[in-house]
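Accompanying notes for the structure given below.
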Amino acid sequence: MNPGQHNFLLCWPFITERKTDMITDNYSKVASSFNWLNTHLDRFTPWRSNQLSMEGLQSLSELAIIYARIKTDNDAWKKTGITNQKLEQWEQHIITILEMPAFYELARKRPLHSFPYILPYLVMRSTGYKNIFLEETLEVLLSQGFPKVQEVVPFRELDLVYFFNKAQLAQNENMMSVYHRTFMSKMKSIIHIDNESAYSITHTILYLSDFGKSKLTLPATEMKKIQEVLESLAIHFWRLKHWDLLGELLFCLSIIGIPLESIFHRALTAFYNAHEQDGSITGRQEQHSELLTAQLAGNREKIFTCNYHTTIVSFFLSFQIFEQYEIKN
Amino acid sequence: MRSKIEATRAARRWLLNLQPTTEEENDYREMGIFLTENILDRNGSIPIQYSPQLCKISTPEELVEMSRDEIIELSRINYNDQTAAISDLNLILPQLALSYARMDDLQAVAALLKLSAVYNVQPQKVEDAWNYVLLQQNSNGSFGLLAAEIMLLGQENNIAPYLMMTTEVLQAIASAGLQQGLHNIINSTLIVSGEV
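Protein chains in written order, with numbering that gives the first Met the number 0: chain P, 0 to 328; chain B, 0 to 195.
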């Protein structure tokens, strides 16, 4: 074992008794964010007023990622109140969209920009679902070098490699070689990190850890650097009330392991305090007046736009904490 | 490589050569010179008028959620020893200073460094923030990389912003000196690299 490595092996979150109350409360956090997402299931579509929307498409992919994360897990999640019936509704909703010609033709029509169009399918493929038309599309795209032929920044490349691996369309391509080209691997200054770089860091960790299902296998010095960066940025985005990034950073911290001295629990409390009563949370504090206006007007579309992504992040975070506790007990 | 003492000497040279044109500039200059004298000649033992006040914050969360102006205001008050017992400040305050450094807010970073000394945060925890501050010194010794903003305002001869920034930084250095003792400051040469 390398010096310092024990910190990260022994200090997985919530192993101390004094955190038990927070764990119990965490069951309800998982359930409330899941229920909000479930209530808004019809909004997870690639279309907004019959127009193709990249944001809508992204929301569908993210819904599929949550679905796959739960579906491919053990049955511990049932303790949180998530039911098979609700999961089946999610599956049905996603598959219905994948099987609509208006959706499945997109990737074949626009090979150069095909990745966002095939992403929900790649995720569902990792759960065992297959569609003949989309399989043929993938075959054609891959034979022509798409979507990998397109030049992207390294953490987006990691995105591609991760989802192709998950969909069993690549021979477990080495993600570490891509990792070493990312911002997270190459950064030297803890100060000079902006929002884009912060998202690059969180996404890099999420892909490398299979969204929390695997431990990161990096040298102890690298793990220590990552943990310091995550804690520093968590305070930064907590101060800015940028709940979306704070949530992602806390999710990553819960994955890599929390040291004995950490700001994690204080920042987590601030994050949960920013939630609405219905279990959702808006992305940034400055969106709050926009959200209030939408709530007063009963504008579900706007409410969804303001809250869906960070609520997904909140679900992942709570689910990760819940799982850690289940593993320990 | 640059140390706080070298930075103070350079700031002092700039202040001594300065020709203030307003009362405000003169006040800042005198305060700055007074601070440099105390840092360099009197082992940092600045005759501060301590007013025994209770701590205005009781949890580190309050500090995170304060506005920058509230933090700067907080840094201007001198507290008694009761301020030193806030848990987790060692974890939060240094990172909060880096948060303001990310927004290029030298004044807020200096205020937090002053507070870090008041609250007795471990000096090694704020090294990254000090490295940031010392990189904000101009070749003439003043603090604040403000040339573009001042040019935009068409006020190339306006030295007041530099004076304000310089005195804020000198107050933070003086506070660090009080915390560590001047001997430690002189012997601790900070590597200005910004590395993690």
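Glycine included, each C-beta is placed from N, C-alpha and C at the ideal position.
Let me know the secondary structure DSSP gives P:Gln50 once reduced to three states. Note: P:Gln50 maps to strand in three-state DSSP.
Answer with yes or no whether the minimum CB distance from P:His308 to chain B is below 9 Å. Taking Cβ atoms only, chain B never reaches closer than 9 Å to P:His308, which makes this a no.
Proximal chain B residues relative to P:Arg238, where beta-carbon distance stays under 7 Å: Residues of chain B passing the Cβ test: Val63, Leu95 and Ser98.
If we ignore side chains and look at the alpha-carbon of each, how far apart do P:Leu290 and P:Asn306 end up? Using only the alpha carbons, I get a separation of about 8 Å.
DSSP on P:Arg342, reduced to helix/strand/coil? Since the displayed chain P opens at 0 and closes at 328, residue 342 of chain P lies outside it and no answer follows.
Tell me which residues share the same chain as B:Arg8 and place their Cβ nearer than 6 Å to its Cβ, disregarding the 5 neighbours each side in the sequence. Taken in chain order, the list of residues that qualify is empty.
Just mark P:Val312 as buried or exposed, buried being the case when its beta carbon has 16 or more other beta carbons within 10 Å. P:Val312 is buried by the Cβ-count criterion.
Which listed residue (P:Ser188, P:Ser253 and P:Gln276) has its alpha carbon closest to that of P:Gln294: Ranked by how close their Cα comes to the Cα of P:Gln294, the residues P:Ser188, P:Ser253 and P:Gln276 have P:Gln276 in first place.
Consult DSSP for P:Phe210 and reduce its assignment to one of helix, strand or coil. In this structure, P:Phe210 counts as coil in the three-state DSSP scheme.
DSSP three-state label for P:Ser188, please. DSSP places P:Ser188 in strand when its eight states are reduced to three.
By a C-beta neighbour count over all protein chains shown, 10 Å radius and 16 as the cutoff for buried, is P:Asn164 buried or exposed? So P:Asn164 ends up on the buried side.
Using beta carbons (cut-off 9 Å, strictly below), is B:Leu144 in contact with chain P? For B:Leu144, the closest Cβ of chain P is not nearer than 9 Å.
Please classify P:Gly127 as buried or exposed, where buried requires at least 16 neighbouring CB atoms within 10 angstroms. Exposed, because fewer than 16 other Cβ atoms sit within 10 Å of the Cβ of P:Gly127.
Which term fits B:Tyr49, buried or exposed, when burial requires 16 or more other beta carbons within 10 angstroms of its beta carbon? Low per-residue confidence applies at B:Tyr49: pLDDT is 42, beneath 50, and the placement is therefore not dependable enough to give any value.
If distances are taken between C-alpha atoms only, which option among B:Arg28, B:Leu144 and B:Gln178 comes closest to B:Ala100? If you compare the alpha carbons of B:Arg28, B:Leu144 and B:Gln178 with that of B:Ala100, the shortest gap goes to B:Leu144.
Mapping the DSSP letters down to three states, classify P:Gln276 as helix, strand or coil. The answer is coil: DSSP assigns P:Gln276 none of H, G, I, E or B.
Which stretch, first to last residue, makes up the alpha helix (DSSP H) that contains P:Leu40? Taken as a continuous stretch (DSSP letters only), P:Leu40 belongs to no alpha helix (DSSP H), as it is neither H nor E.
Considering only their Cβ atoms, is the gap separating P:Glu247 from P:Thr181 smaller than 9 Å? Against a cut-off of 9 Å, the Cβ pair of P:Glu247 and P:Thr181 comes out as no contact.
So P:Ile280 contacts chain B; which residues on that side make the cut at Cβ distance below 7 Å? Below the 7 Å Cβ cutoff, chain B contributes no neighbours of P:Ile280, its closest Cβ being approximately 17 Å away.
List the residues of chain P whose Cβ lies closer than 9 Å to the Cβ of B:Ile172, in chain order. Going along chain P, no residue has its Cβ under 9 Å from B:Ile172, so there is no contact; the nearest lies around 19 Å.
Under 9 Å between beta-carbons, which chain B residues line up against P:Arg265? List them in chain order, please. Ordered by position in chain B, the residues that pass the 9 Å Cβ test against P:Arg265 are Thr58, Pro59, Glu60, Val63, Asp87, Leu90 and Ile91.
Kindly say whether B:Arg8, judged by its beta-carbon, lies nearer than 9 Å to any beta-carbon of chain P. So, not an interface residue.
N-terminal and C-terminal residue of the alpha helix (DSSP H) that P:Lys327 is part of: Under the DSSP assignment, P:Lys327 falls in the alpha helix (DSSP H) whose first and last residues are Arg299 to Lys327.
For B:Asn89 and P:Glu260, what's the separation of their Cα atoms in angstroms? Rounded to whole angstroms, the gap between the alpha carbons of B:Asn89 and P:Glu260 is 10 Å.
Please check if any C-beta of chain C sits within less than 9 Å of the C-beta of P:Ala269. Of the protein chains in this structure, namely P and B, none is chain C.
Can you pull the chain P neighbours of B:Asp127, defined as C-beta to C-beta under 8 Å? Chain P residues near B:Asp127: Ile189 and Ile190.
Short CB-CB distance (under 9 Å) between P:Leu316 and chain B: Residue-level contact by beta carbon fails for P:Leu316 and chain B, as no gap is shorter than 9 Å.
Please classify B:Ile70 as buried or exposed, where buried requires at least 16 other C-beta atoms within 10 Å of its C-beta. Classified as buried, B:Ile70 has 16 or more neighbouring CB atoms from the shown chains inside 10 Å of its CB.
Closest by C-alpha distance to P:Leu118, when choosing among P:Leu56, P:Asn130 and P:Ile81: Checking every option, the nearest Cα to that of P:Leu118 belongs to P:Leu56.
B:Tyr131 at chain P interface by Cβ criterion, 9 Å: Flagged as an interface residue toward chain P: B:Tyr131, by a C-beta distance shorter than 9 Å.
With a threshold of 8 Å, are at least 3 pairs of Cβ atoms found where one atom belongs to the region 18-28 of chain B and the other to the region 46-56 of chain P? Because the criterion of three Cβ pairs below 8 Å is not met, the region 18-28 of chain B and the region 46-56 of chain P do not touch.
Using a Cβ-Cβ cutoff of 9 Å, what residues of the region 251-262 of chain P are near chain B? List them in chain order. So the close ones are Glu260, Ser261 and Ile262.
Whole-Å CB distance - P:Ile255 paired with P:Gln226, under 8 Å assumed: With a contact defined as Cβ atoms closer than 8 Å, P:Ile255 and P:Gln226 qualify at about 6 Å.
What is the DSSP secondary structure of B:Phe142, reduced to helix, strand or coil? Strand at B:Phe142.
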